[in-house]
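Quick note on numbering that gives the first Met the number 0: the sequence shown kicks off at 0 and runs consecutively. What follows is a set of notes on a single structure, which appears directly below.
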Amino acid sequence: MKLSKCIFITLVLLSSFGCKKKEVSESDFEKVVMNSVFIEIVDSIYMDRRTMEPPPMPRLDFKSNKEDTIGYHEKLKRYQIEQDSIKNDKNRILIGVYDFVVNNKIRNDKFDLTPFQNNKKFDFQYASKFPEERFWNIEDKKSGMPVGTIEISNIKFNKNKTLGTIIASASCGGGKCGRGFEITIENKSGKWHITNINQTWVS
0 MKLSKCIFIT LVLLSSFGCK KKEVSESDFE KVVMNSVFIE IVDSIYMDRR TMEPPPMPRL
60 DFKSNKEDTI GYHEKLKRYQ IEQDSIKNDK NRILIGVYDF VVNNKIRNDK FDLTPFQNNK
120 KFDFQYASKF PEERFWNIED KKSGMPVGTI EISNIKFNKN KTLGTIIASA SCGGGKCGRG
180 FEITIENKSG KWHITNINQT WVS
């Protein structure tokens with residue numbers, strides 16, 4: 000009786016250990032996949048508040064019903080110079096990343112930005128380091144604030160783990176502009192890449 004009880008306990012412990020090991024490996028797999036596609040996702044969806052302002056429009060003279068172009072061409076020229084300056088800026092683009100992933104399943108891992116610290120294009124910082132984004136002044140282009148934020152979900156894989164779906168959102172701050180996306184990623188020849196981006200909402 001004692002022997003059978005001992006065997007039962009041993010089997011339960013081994014089974015428990017095996018399940019835990021499998022769960023950890025799945026988590027590690029997901030992190031590896033996320034790290035391989037994160038930059039591609041950000042580069043595809045991020046919003047830069049410095050470029051959100053539309054070009055100036057000529058004023059309409061209501062008396063003559065004609066466009067008043069006095070000073071307009073100079074304003075347009077300044078706008079184009081500013082936009083070109085932003086596009087040609089070699090400094091890294093500061094992006095605020097929400098600290099925790101949106102849960103597709105029960106998991107509260109903090110999103111690890113360490114693998115992307117040396118990225119040449121983007122400077123990623125946790126959004127929690129800055130004031131709440133709805134208070135950002137999107138017209139202020141030189142405040143040292145992020146140009147926008149990114150929020151991202153866990154990856155929902157298919158059964159064979161060859162396809163994955165990620166829910167993400169991008170904002171330029173100030174509570175005035177944002178977009179949501181459903182992103183499909185696929186493993187082709189051992190490398191994960193985006194295969195489709197579907198915009199799900201805009202504000």
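Using N, Cα and C, we set each Cβ at its ideal position, and we do this for glycine too.
Cβ-based neighbour list, residue i, same chain, cut-off 7 Å, excluding 5 preceding and 5 following
i           : result
residue 161 : 185 and 186
residue 114 : 34
residue 75  : 54 and 55
First through last residue of the beta strand (DSSP E) which encompasses residue i
i           : result
residue 178 : 177-187
residue 201 : 190-201
residue 125 : 121-125
Bridge partners - residue i, DSSP secondary structure assignment
i           : result
residue 148 : 95 and 170
residue 163 : 156 and 184
residue 74  : According to DSSP, residue 74 bridges with nothing at all.
Of the residues the options, the one placed nearest residue i, counting alpha carbons only
i           : options             : result
residue 190 : 100, 39, 26 and 148 : 39
residue 77  : 165, 202 and 56     : 56
Residue i (DSSP reduced to helix, strand or coil)
i           : result
residue 41  : helix
residue 100 : coil
residue 21  : Low per-residue confidence applies at residue 21: pLDDT is 48, beneath 50, and the placement is therefore not dependable, though the value from the model is reported in the following sentence. DSSP places residue 21 in helix when its eight states are reduced to three.
residue 128 : helix
residue 109 : strand
Sequence-distant residues of the same chain with beta carbon closer than 6 Å to residue i, five excluded per side
i           : result
residue 122 : 91 and 93
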